[in-house]
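So in my numbering, the last one in the sequence shown is 1270, and the numbering has no gaps at all. No residue lacks a Cβ here, since even glycine has one placed at the ideal position from N, Cα and C. See below for the structure under consideration.
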Amino acid sequence: MKNKIIIISLFWMALFISGCEDFLDRPPLSNENDETAWTSEDKVRLYANQFYTGFFTGYSTDVSLFNDDVVQRGNQGNFTRSVPNSNIWSMKTLRSINILIDRVGNRMQDILPEEAYNHWMGIGRFFRGMEYADLVFTYGDVPYYDHIVSDIDMDDLYKARTPRNNVMDAVYDDLQFAFQNVRLNDGDQTVNRYIVAGFISRIALYEGTWQKYYYKNNERATKFLTLAKEASEFIINSNKYYIDSDFRTLFTSNDLKSNKECILFRNYNAEIKVTHSVAHYNNPANSINYGGTTDLLKAFLCVDGNVWQNSTTEGAKDFTIANLVKTRDSRFEGTFYDKPEINAKGSFLFPVKFFPRYGIKAVEETGTVPNELKGSNNVTDAPILRYAEILLNWIESKAELATIGGSAVTQEDIDASINKIRDRPLAPEAVEKGVQKTKAMMLDALPNDPAKDPNVSSLLWEIRRERRMEFIFENLRLADLKRWAKLEYMDTDMHSELLSGAWVNFPVEAKDQLTAGNANEFSVTKADGTTIVYNGNNNAEMVGFYKATVTKGRQPFLNQVNVNPYLSPVGKTQMDNYESKGYKLQQTQGWPQN
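Right, here's the structure in full:
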């Protein structure tokens, strides 16, 4: 079964957010009220639909930029360095979810058959687990509510933060219940057990690795990593999903319904005015301030499965984009434009992962962009949960468990996960450029990477590399760095190649930039690390990794007093609100408590 999200009824979007009073004052003929809203399964489904667009957002206007994959012209995105004034967290969605659980649990036991009752309780607990996992991953300790909070119960409304581990134990229980009770199939556009398992694999992997690396708690790490492994195995063993399309098609198709990699996707339809603009911003004819970093492009494996420093692939040390397309893992060509592009002003390495190949052909041959790829007219489907992530979650959870007492990873495990992804079909257009599939990973011949973090095993380093190549611009990289306790990878003072982009031979590939007006506007860094600033007269020397002069490093965020980049602070307004009612809200760990 294929699962897609289409237009969702807005009827319940505001219901019960701040209590039932306003809703119950409405005339009964204009809208359902709380007394009649819980009388059938269809009405429960309608209520639950409100959560889809919040949890499964799909595409919007842009892509994930705040990580070590992206350099921006000018200032880089910065971590929060001071406590904000405004409120930050919100319990509105949680309240709506708890209403669903309460109403099904207390009013529908005699209305719904047991199977339906357990399914909808599972749906509610799945959404609650999702919501609390997000809150915990953002703030750490948060007030935990497994019930509807009364507007007049001040002790409950202003309760203290519940310890993270207690909250995540409750999340674990919610997700386990959902895993055991949500239907295998509930129709085309709805959450089923495979979707539940997919998000469990993501959430449990995050918590398991966070516990291992941030809290150094192997017992709790084992608990969650085991859940991640089991949830992933449920999907893998179903044989319902597999890698069946080339990489870029997965992100640029108008209909993913037949794509066997997509466990969940969001569909867009111009006729009902449900569109996005991600393709527009991935159009190389448009000007953007960002692009891929030198650090990222150097991380791509060569097609022989080795790092560039040790590769036997011909041209492995040639960093021109045209050569990278032919010598690097096929996901490089699937992600980036095949030539230096000035419109990626921060980098010259332009992302086209979300722009269809026919659009690039139109731009190159006619200079025009198809109307459906302009502005906010885009209707390409958004993959929200895909099989490649499940495979990588599975192999990572197995590899992590192996370091804390679990069974060792085998070559069969690698073949069933990473090597299946590497065997992804290639687009005909990519083959014409010379793109090849990357050689299978061999457990007894892992790359000897000079750039490897010495505190990470070779196997985990390669699994993490695989995730980096696979999920560029997909909102997972920053979460990965946090759960591995590796935010130092984003420190531009430590890693200068986070501020430069593509290798550009300016006299050949961008000679129109070699003008007197561009003197001192950019520099190039040679292979030996030498940096040369363009002065208007040194044209022949301008060959190397491009950097805009205005590009500045990220503000310091590590080892700063009263700054914790791994967890967000709550706003002063929130703390003041507690205090005004006679209660005390503790600030997030690592932030000033007053």
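The alpha helix (DSSP H) enclosing M833, as first and last residue numbers
Indexing the sequence shown from 1 puts residue 833 at position 157. Sequence check: residue 833 is Leu here, not Met. From DSSP, the alpha helix (DSSP H) with L833 extends over 830 to 833.
Taking just the CA atoms, how far does F802 sit from T1264?
For the purposes of this step, residue 1264 is identified with residue 588 of the sequence shown, where counting begins at 1. For the purposes of this step, residue 802 is identified with residue 126 of the sequence shown, where counting begins at 1. Distance between the alpha carbons of T1264 and F802 is about 26 angstroms.
Continuous beta strand (DSSP E) stretch holding Y821: start and end:
Start at 1 with the first residue of the sequence shown, and residue 821 comes out as number 145. Taken as a continuous stretch (DSSP letters only), Y821 belongs to no beta strand (DSSP E), as it is neither H nor E.
Are the beta-carbon atoms belonging to V1039 and P1126 less than 8 angstroms from one another?
Sequence index remark: in the sequence shown, residue 1039 carries index 363 (1-based). Sequence index remark: in the sequence shown, residue 1126 carries index 450 (1-based). Not closer than 8 angstroms, so no.
Report buried or exposed for P1059, applying the criterion of at least 16 other Cβ atoms within 10 angstroms of its Cβ.
Taking the sequence shown and counting its residues from 1, the one referred to as residue 1059 is at position 383. Buried: at least 16 other Cβ atoms inside 10 Å.
Among residues of its own chain, excluding the 5 on either side of L700, which ones have a beta-carbon nearer than 7 angstroms to its beta-carbon?
In the sequence shown, residue 700 corresponds to position 24, counting from 1. Because the pLDDT at L700 is just 23, under 50, the model does not fix this residue reliably, and the point stays unresolved.
Just tell me which of Y821, Q726, L1174, T715 has its CA closest to the CA of P789.
Stepping through the sequence shown from its first residue, residue 789 is reached at position 113. Checked all of Y821, Q726, L1174, T715; the closest Cα to P789 is T715.
Tell me where the beta strand (DSSP E) around G967 begins and ends.
For the purposes of this step, residue 967 is taken as residue 291 along the sequence shown, with counting starting at 1. Taken as a continuous stretch (DSSP letters only), the beta strand (DSSP E) holding G967 covers 966 to 968.
Would you report the Cα separation of P1268 and M1251, rounded to the nearest angstrom?
On the sequence shown, residue 1268 is found 592 positions in, with the first residue counted as 1. On the sequence shown, residue 1251 is found 575 positions in, with the first residue counted as 1. If I take the Cα positions, the gap works out to 12 angstroms.
At what residues does the beta strand (DSSP E) containing R1062 begin and finish?
Counted from its first residue, the sequence shown places residue 1062 at position 386. Run containing R1062: 1058 to 1062, per the beta strand (DSSP E) assignment.
May I ask which residues mark the beginning and end of the alpha helix (DSSP H) holding K1029?
To locate residue 1029, count along the sequence shown from 1; it is residue 353. Segment: none, K1029 is in no alpha helix (DSSP H) and carries neither H nor E.
Put G800 into one of helix, strand or coil per three-state DSSP.
Taking the sequence shown and counting its residues from 1, one reaches residue 800 at position 124. Looking at G800 - three-state DSSP - the assignment turns out to be helix.
Would the beta-carbon of S1061 fall within 8 angstroms of that of F875?
Counted from its first residue, the sequence shown places residue 1061 at position 385. Counted from its first residue, the sequence shown places residue 875 at position 199. Reading the sequence as shown, one finds Leu at residue 1061 and not Ser. A contact, by the Cβ cut-off of 8 angstroms.
Under the three-state DSSP convention, the category T902 falls into
By one-based count along the sequence shown, residue 902 stands at place 226. Reduced to three states, the DSSP call for T902 is helix.
Since I believe F1012 is in contact with A955 (beta carbons under 8 angstroms), could you give me their beta-carbon distance rounded to a whole number of angstroms?
If you number the sequence shown from 1, residue 955 lands on position 279. If you number the sequence shown from 1, residue 1012 lands on position 336. Incorrect: roughly 15 angstroms between the Cβ atoms, too far for contact.
Between the Cα of Y793 and those of F742, V759, F853, E1185, spot the shortest distance and give me the residue it belongs to.
Counting from one through the sequence shown, the residue named residue 793 turns up at place 117. Ranking the options by Cα distance to Y793, first place goes to F853.
With a Cβ-Cβ cutoff of 8 angstroms, do V759 and K1202 count as a contact?
Within the sequence shown, numbered from 1, the residue matching residue 759 stands at position 83. Within the sequence shown, numbered from 1, the residue matching residue 1202 stands at position 526. No, Cβ-Cβ distance for V759 and K1202 is not below 8 angstroms.
In angstroms, rounded to a whole number, what distance separates the CA positions of F1276 and D829?
Because the chain is modelled from 677 through 1270, residue 1276 falls outside the range shown and cannot be assessed.
Once DSSP output is grouped into helix, strand and coil, what is the label at K1223?
Position 547 of the sequence shown, counted from the first residue, corresponds to residue 1223. Of the three classes helix, strand and coil, the one that applies to K1223 here is strand, per DSSP.
Which two residues bound the contiguous beta strand (DSSP E) that contains W1179?
Your numbering for residue 1179 matches position 503 in the sequence shown. It spans 1179 to 1181 - the beta strand (DSSP E) in which W1179 sits, taken as one unbroken run.
Grouping DSSP H, G and I as helix and E and B as strand, with all else coil, what is Q748?
Position 72 of the sequence shown holds residue 748. Looking at Q748 - three-state DSSP - the assignment turns out to be strand.
Status (buried if at least 16 other CB within 10 Å, exposed otherwise) for Q1262:
The count along the sequence shown starts at 1 and reaches residue 1262 at position 586. It is exposed - the Cβ of Q1262 has fewer than 16 other Cβ atoms within 10 Å.
Would DSSP call L1000 helix, strand or coil?
Sequence index remark: in the sequence shown, residue 1000 carries index 324 (1-based). Here L1000 sits in helix by DSSP.
By the three-class DSSP mapping on this structure, what secondary structure does T951 have?
Taking the first residue of the sequence shown as position 1, residue 951 is located at position 275. Three-state result, T951: coil.
On the three-state DSSP scale, how would you describe S1199?
Looking up residue 1199 in the sequence shown gives position 523. S1199: strand per DSSP, three-state reduction.
Suppose the cutoff is 7 angstroms on Cβ atoms and the five residues either side in sequence are ignored; what does the same chain contact list for K1002 look like?
Within the sequence shown, residue 1002 is the residue found at index 326, counting from 1. Closer than 7 angstroms at the Cβ level, and outside the excluded window around K1002, lie K1109, G1110, V1111.
Is N707 buried or exposed, if buried means 16 or more other CB atoms sit within 10 Å of its CB?
If you number the sequence shown from 1, residue 707 lands on position 31. Because N707 sits at a pLDDT of 47, beneath the cut-off of 50, its placement in the model cannot be relied upon, and the following sentence gives the value as read from the coordinates. Result: exposed.
Between the alpha carbons of E1185 and N958, how many angstroms are there, rounded?
If you number the sequence shown from 1, residue 1185 lands on position 509. If you number the sequence shown from 1, residue 958 lands on position 282. Taking the straight line from one Cα to the other gives about 21 angstroms.
Count the C-beta pairs between the stretch 799 to 815 and the stretch 832 to 851 that are closer than 8 angstroms, then say yes if the count reaches three, no if not.
yes
Who are the near neighbours of R783 in its chain, counting only those whose CB is closer than 6 angstroms to its CB and skipping five residues on each side?
One-based indexing of the sequence shown puts residue 783 at position 107. Cβ neighbours of R783 beyond the five flanking positions: W714.
If contacts are defined as beta-carbon pairs under 8 angstroms, then K1228 and G750 qualify, I think. What distance do you get, rounded to the angstrom?
Indexing the sequence shown from 1 puts residue 1228 at position 552. Indexing the sequence shown from 1 puts residue 750 at position 74. Rounded, the Cβ-Cβ distance is 7 angstroms, consistent with contact.
If you measure between the beta carbons of N842 and Y815, is that distance less than 8 angstroms?
Sequence index remark: in the sequence shown, residue 842 carries index 166 (1-based). Sequence index remark: in the sequence shown, residue 815 carries index 139 (1-based). Not closer than 8 angstroms, so no.
When the distance is taken between beta carbons, is R1153 closer than 8 angstroms to F1147?
Within the sequence shown, numbered from 1, the residue matching residue 1147 stands at position 471. Within the sequence shown, numbered from 1, the residue matching residue 1153 stands at position 477. Their beta carbons are under 8 angstroms apart, which means F1147 touches R1153 by this criterion.
List the residues that DSSP assigns as beta-bridge partners of T1207.
As a position in the sequence shown, residue 1207 is number 531, starting the count at 1. The partner list for T1207 (beta bridge, DSSP) reads T1201.
Extent of the continuous beta strand (DSSP E) run through R942
Here residue 942 corresponds to residue number 266 of the sequence shown, with the count starting at 1. R942 -> beta strand (DSSP E) spans 938 to 942.
Would you say D971 touches the ligand PLP, meaning its beta carbon is less than 7 angstroms from a heavy atom?
With respect to small molecules bound, the structure shown includes none, and the ligand PLP cannot be examined in it.
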